[in-house]
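Visitor: If you scroll down you'll find the structure; I have some questions about it.
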Amino acid sequence: MPKKITILGEKILPGKTYQIKTDIARLHTRTKVEVPIIISRAKVDGPCVLLSAGIHGDEVNGVEIVRQIVAHKYNIPDAGIIICVPVVNVFGFLIKTREFPDGKDLNRSFPGAKNGSLASKFAHFFMNEIVEHVDYCIDFHTGGDYRFNYPQIRISDDDDYTFNLAKIFGAKFVKYSSEREKSYRASAVASGKKVLLFEGGKSLNINPKVTEVGVTGVLNVLEALGVKNFPESHTPFKEEKEQVVFNESKWIRANASGMYRSLVINGEPIEKGEVIGLITDPYGFFEKKIKSPISGYIICLNHSPIVNQGDAIAHVAIENIKTN
Numbered sequence: 001m002p003k004k005i006t007i008l009g010e011k012i013l014p015g016k017t018y019q020i021k022t023d024i025a026r027l028h029t030r031t032k033v034e035v036p037i038i039i040s041r042a043k044v045d046g047p048c049v050l051l052s053a054g055i056h057g058d059e060v061n062g063v064e065i066v067r068q069i070v071a072h073k074y075n076i077p078d079a080g081i082i083i084c085v086p087v088v089n090v091f092g093f094l095i096k097t098r099e100f101p102d103g104k105d106l107n108r109s110f111p112g113a114k115n116g117s118l119a120s121k122f123a124h125f126f127m128n129e130i131v132e133h134v135d136y137c138i139d140f141h142t143g144g145d146y147r148f149n150y151p152q153i154r155i156s157d158d159d160d161y162t163f164n165l166a167k168i169f170g171a172k173f174v175k176y177s178s179e180r181e182k183s184y185r186a187s188a189v190a191s192g193k194k195v196l197l198f199e200g201g202k203s204l205n206i207n208p209k210v211t212e213v214g215v216t217g218v219l220n221v222l223e224a225l226g227v228k229n230f231p232e233s234h235t236p237f238k239e240e241k242e243q244v245v246f247n248e249s250k251w252i253r254a255n256a257s258g259m260y261r262s263l264v265i266n267g268e269p270i271e272k273g274e275v276i277g278l279i280t281d282p283y284g285f286f287e288k289k290i291k292s293p294i295s296g297y298i299i300c301l302n303h304s305p306i307v308n309q310g311d312a313i314a315h316v317a318i319e320n321i322k323t324n
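This is the structure in structure tokens:
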């Protein structure tokens, strides 16, 4: 006999899909801003998986990944429950900005408070009404501003089970990283959830390669958990031939101000002393090379054509654990 489950006041019955719109807060015009939450339950009991994106409203590539999961009906489970929240921060998504209307970063407002700021109240709602019911979380992010993250999974330190899920996800890079204080990931991990944080692409941009890696990774994990079964003839799944696992990385910064031209490829290895880019003036009189101080793999590139001295222009993963 399937167990009784109630989410957001709705009885979630076996074999049913629900779209619940919650409006826990309003704009200053008193206009409701609804956050659609899509919940699908199989007839067979199993794990509950949460797919979320858009905690930062301008990180739209994650929204596209979860949208495709729903559009292709991959969110209909064979066992357990799949909850999809394509746009967590609808406020920011509406006006293409990272923050909540109160100016706060939602991803620095967890676990929230019932009577706190707007962002804090929403974080409290999200943790207590949604995350409370789940076993696994996959949260999708992108780089900020012009910074393009090569697809990667970030996981908590010393968690072998989550590490194995990260390997199954199949992104080229897996990073052990400490949880940021008051982040969604930190709060979810503290409450006993297994969390994969996906980083890929840049803000206000949808990249087909990033989308493909994200969707494929979700399907790999759902199948491994027994939540979704795919026929052998169904072959969208693929893993990177080489997966790099690391827990240390370093930003390379601009050594002058000017126009910036990158000379390296995101996701590829670099050697210490290799020229990674050029900074020039607009007039043809000045040119300065930027050399990498370390060897490693490029995991993020700044796509801005104009930089100031000290700006982060490339993020390098230092391969110090192991690879496949």
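Okay, so the sequence shown: first residue is 1 according to full-length UniProt numbering, each after it adds one.
Beta carbons: idealized from backbone N, C-alpha and C, even for Gly.
Note that the structure is predicted; figures quoted are calculated from it, not measured.
#1: Just to confirm, is the Cβ distance from Gly200 to Asn247 under 8 Å?
#2: In terms of alpha-carbon separation, which member of Ile38, Ile313, Lys11 and Lys16 lies closest to Thr22?
#3: Looking at C-alpha atoms only, which residue of His315, Glu319, Ile318 and Lys288 is the closest neighbour of Gln309?
#4: Which residue marks the beginning of the alpha helix (DSSP H) containing Pro208, and which one marks its end?
#5: Please report how far the alpha carbon of Arg180 lies from the alpha carbon of Asn107, in whole angstroms.
#6: Does DSSP put Asp78 in a helix, a strand or coil?
#7: Return the chain-ordered ranges of every alpha helix (DSSP H) run that is complete within the region 75-132 and spans a minimum of 4 residues.
#8: In this structure, does DSSP put Asp139 in helix, strand or coil?
#9: In whole angstroms, give me the CA-to-CA distance for Val60 and Thr17.
#10: Is residue 327 buried or exposed, if buried means 16 or more other CB atoms sit within 10 Å of its CB?
#11: So, do the region 107-118 and the region 62-77 have three or more beta carbon pairs nearer to each other than 8 Å?
#12: Apply the 10 Å Cβ neighbour rule to Tyr146 and answer buried if 16 or more other Cβ atoms are within range, or exposed otherwise.
#13: Using 8 Å as the threshold, is the C-beta distance between Ile276 and Ile265 below it?
#14: Classify Arg30 as buried or exposed, calling it buried when 16 or more other Cβ atoms lie within 10 Å of its own Cβ.
#15: Compute the beta-carbon to beta-carbon distance between Ile294 and Asn302, rounded to the nearest angstrom, for a pair I have assumed lies under 8 Å.
#16: Could you name the residues that DSSP lists as bridge partners for Gln68?
#17: For the alpha helix (DSSP H) containing Asn164, name the first residue and the last one.
#18: Given a cut-off of 8 Å, decide if Gly80 and Lys43 are closer than it, judged by their beta-carbon atoms.
#19: Whole angstroms is fine: what's the gap from Ile55's alpha carbon to Arg98's?
#20: Kindly give me the distance between the Cβ atoms of Ile155 and Ser249, rounded to whole angstroms, as I take these residues to be in contact under 8 Å.
#21: Determine the extent of the beta strand (DSSP E) in which Ser52 is found, giving its start and end residues.
#22: Near Ile24, which residues of its chain fall below 6 Å by C-beta distance, leaving aside the five closest residues on each side in sequence?
#23: Taking DSSP's pairing of strands, which residues face Ile19 in a bridge?
#24: Just checking my contact of His141 with Phe198 at CB under 8 Å: how many whole Å lie between their CB atoms?
#25: Consult DSSP for Ser262 and reduce its assignment to one of helix, strand or coil.
#26: With DSSP run on the structure shown, which of helix, strand or coil describes Ile306?
#27: Kindly confirm or deny that the region 79-95 and the region 165-182 touch, where touching means at least three C-beta pairs closer than 8 Å.
#28: Short of 8 Å in beta carbon distance, which residues of its chain neighbour Ser183, apart from the five on each side in sequence? Order them along the chain.
#29: Grouping DSSP H, G and I as helix and E and B as strand, with all else coil, what is Ser233?
#30: Checking contacts by CB at 8 Å: is Ala317 closer than that to chain C?
#31: What do you reckon, are the CB atoms on Gly170 and Asn220 nearer than 8 Å?
#32: On a Cα-Cα basis, can you pick out the residue from Glu274, Ala254, Glu268 and Leu225 that is closest to Gln243?
#33: Which residues mark the beginning and the end of the alpha helix (DSSP H) in which Ala188 is found?
#34: Quick check on this structure: which residue in Ser187, Thr211 and Gln68 has the alpha carbon closest to the alpha carbon of Ile130?
Guide: The relevant details are as follows:
#1: no
#2: Ile38
#3: Lys288
#4: Pro208 to Ala224
#5: 9 Å
#6: coil
#7: 90-94 and 118-129
#8: strand
#9: 24 Å
#10: Missing from the structure shown is residue 327; the chain here goes from 1 to 324 and no further.
#11: no
#12: buried
#13: no
#14: exposed
#15: Ile294 to Asn302, Cβ: 17 Å. No contact.
#16: In the DSSP output, where bridge partners are listed per residue, Gln68 has none listed.
#17: Asp160 to Phe169
#18: no
#19: 8 Å
#20: Between Ser249 and Ile155 the Cβ distance is about 14 Å, and since that is not below 8 Å, they are no contact.
#21: Cys48 to Ala53
#22: Phe125
#23: Checking the sequence shown, residue 19 turns out to be Gln, not Ile. DSSP lists Ile38 as partners of Gln19.
#24: 7 Å
#25: strand
#26: strand
#27: no
#28: Asn107, Arg108 and Phe110
#29: With a pLDDT of only 49 at Ser233, under 50, the local geometry of the prediction cannot be trusted, and the value read off the model is given with reservation. Reduced to three states, the DSSP call for Ser233 is coil.
#30: Absent here is chain C; the protein component of the structure consists of one chain.
#31: yes
#32: Glu268
#33: Tyr184 to Ala190
#34: Ser187
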